[in-house]
Amino acid sequence: QMGGQNLRKEHLYKVLVIGDLGVGKTSIIRRYVHQTFSSNYRATIGVDFALKVLNWDSETVRLQLWDIAGQERFGNMTRVYYREAMGAFIVFDVTRPTTFEAVIKWKEDLDSKVMLANGQRIATVLLANKCDQGRELSNNGIKMDQFCKDHGFVGWFETSAKDNLNISDAANFLVKHIMATENDILKSVVPDTISPQMDSSRQMSCSGCFK
Amino acid sequence: MKWLDMFCHWDKWVKHHFQKVKLRCRKGIPSSLRSKAWQLLSDSQELLEANPGKFEELEREPGEAKWLDIIEKDLHRQFPFHEMFAARGGHGQQDLFRILKAYTVYRPDEGYCQAQAPVAAVLLMHMPAEQAFWCLVQICEKYLPGYYSAGLEAIQLDGEIFFSLLRRTCPMAYRHLKKFKIDPILYMTEWFMCIFSRTLPWSSVLRVWDMFFCEGVKIVFRVGLVLLKQMLGSVDKLRELQGMYETMERLRNISPDTIREEVLVQEVSVSV
Chain A
1 QMGGQNLRKE HLYKVLVIGD LGVGKTSIIR RYVHQTFSSN YRATIGVDFA
51 LKVLNWDSET VRLQLWDIAG QERFGNMTRV YYREAMGAFI VFDVTRPTTF
101 EAVIKWKEDL DSKVMLANGQ RIATVLLANK CDQGRELSNN GIKMDQFCKD
151 HGFVGWFETS AKDNLNISDA ANFLVKHIMA TENDILKSVV PDTISPQMDS
201 SRQMSCSGCF K
Chain B
1 MKWLDMFCHW DKWVKHHFQK VKLRCRKGIP SSLRSKAWQL LSDSQELLEA
51 NPGKFEELER EPGEAKWLDI IEKDLHRQFP FHEMFAARGG HGQQDLFRIL
101 KAYTVYRPDE GYCQAQAPVA AVLLMHMPAE QAFWCLVQIC EKYLPGYYSA
151 GLEAIQLDGE IFFSLLRRTC PMAYRHLKKF KIDPILYMTE WFMCIFSRTL
201 PWSSVLRVWD MFFCEGVKIV FRVGLVLLKQ MLGSVDKLRE LQGMYETMER
251 LRNISPDTIR EEVLVQEVSV SV
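Protein chains in written order, with UniProt numbering: chain A, 1 to 211; chain B, 1 to 272.
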């Protein structure tokens, strides 16, 4: 009875892309959405948007990517930008240590201003961008894993918008986490006593979660 | 000729025939005279004459590293396809650095805001660095006070005022934005802070700046209201914008067909 195309399940997720100025947030989004790279992007003033549509098994995922200005003074507007976000990328530039130091500050800002319906923090992935410009992090992998654990990131990726490295992997990883938490929320809002009804719908919405 | 005559007796014109000056700015300042006109309209020329050698003095100061760092990252990200700013380390980018740095020395309490760079770049397309610097000072302090300051409170406040003006002037657009929870700072921040320099087709930008230098911030509000009315002001236009994202897309990519220069200026002149 699921045959009709209009029954194809659609998800709309708002995903934030934040981090210090010049770390490559806009470049990552352009690479991911438009498959291009340029060193001539304009500085983002305020906020910019892009949409990526993914076919996720039998479902459709629409990722609304919010590209947020990196300068500290725009931090005063982040409450509005963050509203109703389901996931986030925090980006730093591997060639500039100060941008990594700022990651914690961005994470705290995020967690203090946005949370999911169940009170949990939104899924956040750390992106070590510009990895094409030397400075390997791979041998620091264990340290990075620990850093993510300590600061509540669901994972991290070395990315290069220039060389198109790991960006869609990172996005798929984030989407998987968002879907999982979405299902947790669906479960948690329905009391146990009526779980039989919930079970059927859960099976439907769950099918594509863990590939 | 009319403009040259006004230049010769500028104080008299502004004092006694301001309406006439205003009308001429609305008609558009001839491009060869624009630089001089902007400097006179903003009183930046007066400021420059009152502060001889000041710009050089500011330039000699080293400046604070935290600002220089950000400014340097922004130099190649302003009008990257404009011949003046295309070359890394070229004259345009050098001058941009000079005036943005000078401003952080001039007003260390204000420092640098990323939205100042496109404004400074537009000025540099029209005048030498020292003149552009004083013009920038006037924009930051007289025309748009607080817009670029640390807390960005002034721009957020103007966002709220803008939204309440929209309610009066175009209820349909207002209701639409409200329905999809599109807060004014999501679209007007860049419009207002950059005085539409990154938003409108170039010929319209210049016409807006001509009026802005003469009449001040109210022009920025009016242009914003006209744009929203043009893009969201009818049932027809709203039909295809059934969502927050679709609406933001429309507002962020204003096609030249949406708003022709003449229509824009005409509407701005009569609105409110």
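The C-beta atom is built at its ideal place from N, Cα and C for all residues, glycine as well.
- Across the segment 34-65 of chain A, CB contacts with chain B closer than 9 Å involve Ser38, Ser39, Asn40, Tyr41, Arg42, Ala43, Thr44, Ile45, Gly46, Val47, Asp48, Phe49, Leu51, Arg62 and Gln64, in sequence order along the chain.
- C-alpha of alanine 85(A) to C-alpha of valine 114(A): approximately 7 Å in a straight line.
- Inter-residue distance for serine 31(B) and valine 226(B) is about 24 Å (C-alpha atoms, whole angstroms).
- Across the structure, tryptophan 134(B) and glutamine 45(B) are spaced so that their CA atoms are roughly 7 Å apart.
- Using a Cβ-Cβ cut-off of 8 Å, arginine 73(A) counts as an interface residue toward chain B, since at least one Cβ of chain B sits closer than that to its own.
- Among the residues facing chain A, arginine 198(B) is included, as its CB has a counterpart in that chain under 8 Å away.
- Excluding residues up to 5 positions away in sequence, Leu96, Ile99, Leu100, Ala132 and Leu136 lie with their Cβ nearer than 7 Å to the Cβ of alanine 120(B) in the same chain.
- Per the C-alpha coordinates, the member of Leu126(A), Asp111(A) and Gln35(A) positioned closest to glycine 119(A) is Asp111(A).
- Pairing cysteine 148(A) with leucine 127(A) gives a Cβ-Cβ distance that is not under 8 Å.
- Taking a Cβ-Cβ threshold of 9 Å, the residues of chain A close to cysteine 194(B) are Ile45, in chain order.
- Counting only Cβ-Cβ distances below 7 Å, aspartate 183(B) has contacts in chain A at Val80, in chain order.
- Cβ neighbours of aspartate 74(B) within its own chain (closer than 7 Å, five residues either side excluded): Gln114 and Ala117.
- Taking a 10 Å sphere around the C-beta of glutamine 94(B), we find fewer than 16 other C-beta atoms and assign the residue as exposed.
- For the segment 101-122 of chain B, residues whose beta-carbon sits nearer than 8 Å to a beta-carbon of chain A comprise Cys113, Gln114, Ala115, Ala117 and Pro118.
- At least one CB of chain A lies nearer than 8 Å to the CB of leucine 152(B).
- One Cα belongs to methionine 6(B), the other to leucine 123(B), and the distance between them is close to 22 Å.
- Inter-residue distance for alanine 102(A) and alanine 50(B) is about 43 Å (C-alpha atoms, whole angstroms).
- Under DSSP, histidine 11(A) takes part in a beta bridge, and its partners are Val61(A).
- In this model, glutamate 246(B) and threonine 99(A) are separated by some 33 Å (Cα to Cα).
- Nearest CB-CB separation between threonine 247(B) and chain A: not below the 8 Å threshold.
- Around histidine 176(B), the same chain offers Leu232 and Leu238 as residues with beta carbons nearer than 6 Å, after the five sequence neighbours per side are excluded.
- For glycine 63(B), the CB contacts under 7 Å within the same chain, skipping 5 residues up- and downstream, are Lys101, Thr104 and Val105 in chain order.
- By the Cβ-count criterion, leucine 63(A) is buried, with 16 or more other Cβ atoms from all chains shown falling within 10 Å of its own Cβ.
- DSSP places leucine 126(A) in the strand class (E or B) of the three-state scheme.
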